[in-house]
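The opening position of the sequence shown corresponds to residue 3 in the working numbering, with each subsequent residue numbered one higher. Notes follow the structure.
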Amino acid sequence: MLRAVIADLHLGERPDDLPRFAALAGELLARGVFEATFLGDLFRTLVAYPRYWDATVSAGLEVLAGLRAAGVRVVLVEGNRDFFLDEPCLDPYRDASGVAHSFSAGGRRFLLEHGDLVNRQDRLYRFWRSLSKSRLARWGARMVPAGLARQAVTRTERRLARTNFSYRRQLPEADLERQARRHFASGVDTVFWGHFHRDWRFEVGGRQALCVPAWAETGTVAWVGGDGAIQLLSGRE
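Here is the structure:
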């Protein structure tokens, strides 16, 4: 039972995003993937309500719908650019969503998170996240007219470009190791994170944590076999 884990696609940031994404979907089908987990930041910004969707979001969601129609289970893990993924508007495009996803393979327990909350020192981002994903923000997002909704998305993208991107300068390895050990202590064998856009691995006593490099930049997919074996392959391999 093959699974695929793909992080940080950021669809909408590059002109060739949609053809690449369609090709990725074709590869998932060709390999007979049972479940595809998108580990946060699938689009430049994804707000659940259709009034916020531009042409790229609409087309990308249709690719997800096509995967589901072909029998692939689609899971969306919430990233820093994703908002209210549990809303019914997204029901045709995903089978499950949440801040984390877990499964078992080969007798090992896997936990998947985006990773934007690993760095506990980034207090500005954590405060902004708590506000932008609050119940009040959700209510406001439902009420905003279409024109203002698009403006809100643009402002959000600009804000995201200014905060929570310290990983581009220095990976918070101490925080990653600390969080990994917490998960290991709770019985998790393998932790997947995205968000940091680069490869990182940590192993203790047969348990492991790893960051999946951004698909937007490297084309990387983490393949997890039914026996729990992991392969990280870039688009060049």
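Glycine is no exception: its CB is placed at the ideal position from the N, C-alpha and C atoms. All values reported here derive from a predicted model rather than from experimental measurement.
Find the nearest neighbour of residue i within the set the options, judged by alpha-carbon distance.
i: E219; options: T39, V59 and G196; result: G196
i: Q123; options: G109, A176, R33 and E115; result: A176
i: E64; options: G100, N82, P21 and L41; result: P21
i: G73; options: L4, H185 and Q172; result: L4
i: R70; options: D93, A57 and W55; result: D93
i: A98; options: A32, F129, L66 and P215; result: L66
i: V77; options: P52, A224, H185 and F40; result: F40
What would DSSP say about residue i, mapped onto helix, strand or coil?
i: A231; result: coil
i: D93; result: helix
i: W225; result: strand
i: R131; result: helix
i: A50; result: coil
i: L113; result: strand
i: L13; result: strand
Check for me: the alpha helix (DSSP H) holding residue i runs from which residue to which?
i: H197; result: Segment: none, H197 is in no alpha helix (DSSP H) and carries neither H nor E.
i: W217; result: W217 to T220
i: E179; result: E175 to A187
i: A71; result: A57 to A71
i: G142; result: R137 to M145
Measure the Cβ-Cβ separation of residue i and residue j and say whether it is below 9 angstroms.
i: R2; j: S104; result: In the structure as shown, the chain begins at 3 and stops at 239. Residue 2 is therefore absent and cannot be evaluated.
i: L212; j: F194; result: yes
i: G81; j: F198; result: no
i: A6; j: R33; result: yes
i: D191; j: G230; result: yes
Let's see if you can read the secondary structure: which residues bound the beta strand (DSSP E) around residue i?
i: R22; result: First-last for R22: D19 to A32, but that is the alpha helix (DSSP H), not the beta strand (DSSP E).
i: L78; result: R75 to V79
Quiz item: Do the stretch 86-93 and the stretch 10-30 touch if we need at least three Cβ pairs shorter than 8 angstroms?
Solution: By the Cβ test, the stretch 86-93 is not in contact with the stretch 10-30, since fewer than three Cβ pairs between them sit closer than 8 angstroms.
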